[in-house]
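Chemist: In the numbering used here, the protein residues as written are 188 to 436.
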């Protein structure tokens, strides 16, 4: 080993749990948030003193404003919280990442429980299809285009949860978007209701959803065809007419 390699290793190493690297998307953590966490954690695991933002900006190429926004998003998503710790006998602000690991722990327990339940029922456990970052960004861009505005970080997080936690495919999310646009309702809550409705009806593929929509349209058309579209016919009470004739006699 040469002296340069020795000096590099002597500078210390940062370890990150493999479970976090494999599942950070599933708990709502973005690529930028993961990068900042890795950069600032160093020897710390759960509680990390707040970094000097200027140095972090030079290191990452992000502006100070961008860095503040990323850290703020992590707090909003309950991946971290602000606390205080003592460093060299001084009280300093710090990021507490206990909530992040609590989410990871809950995810691990849930996945383990789901696998056991499926195995006990005689099902073969299959992994959800992987959605690439390019596909994810395409979903964001398509929704922004149809909504005519930029999505907020929280809206992006909701969409990521559809992909990572609910395992809705990008194509199905785009179908829900189409339904929302046709109804002239431009918000994610309406799209979520559409997706949940399809899920309740066990519609899991694009073909199943399109067949369902086609049947629904055909049924609506048939109902309209069976309705009377002729001229308005006045109502005559025959009983009153008969009584009147008897009275006249």
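Quick reminder that beta carbons are idealized off the backbone N, C-alpha and C, glycines included.
Does the count of Cβ pairs from the stretch 267-285 and the stretch 220-236 closer than 8 Å reach three?
Modeler: yes
Chemist: Helix, strand or coil: which one does DSSP assign to residue 283?
Modeler: strand
Chemist: Would you mind listing the beta strand (DSSP E) stretches within the stretch 333-369 that are 3+ residues and don't spill past its ends, in chain order?
Modeler: Listed in chain order, nothing qualifies, since the stretch 333-369 has no complete beta strand (DSSP E) run of 3 or more residues.
Chemist: Answer yes or no: does any C-beta atom of chain C fall closer than 7 Å to that of residue 372?
Modeler: Protein chains in the displayed structure number just one, and chain C is not present.
Chemist: Spatial neighbours of residue 257 within its chain, please: CB distance less than 7 Å, with the 5 preceding and 5 following residues excluded, ordered by chain position.
Modeler: 219, 220 and 223
Chemist: Rank 368, 393 and 252 by C-alpha distance to the C-alpha of residue 358 and give the top, closest one.
Modeler: 393
Chemist: Any idea what DSSP makes of residue 214, helix, strand or coil?
Modeler: Coil at residue 214, not helix or strand.
Chemist: Report yes if the C-beta distance between residue 437 and residue 364 is below 7 Å; otherwise report no.
Modeler: Examination of residue 437 is not possible in this model, given that the chain is present from 188 through 436 alone.
Chemist: Pick from 205, 267 and 215: whose alpha carbon is nearest that of residue 347?
Modeler: 215
Chemist: Cα-Cα, which of 274, 296 and 327 is closest to residue 237?
Modeler: 274
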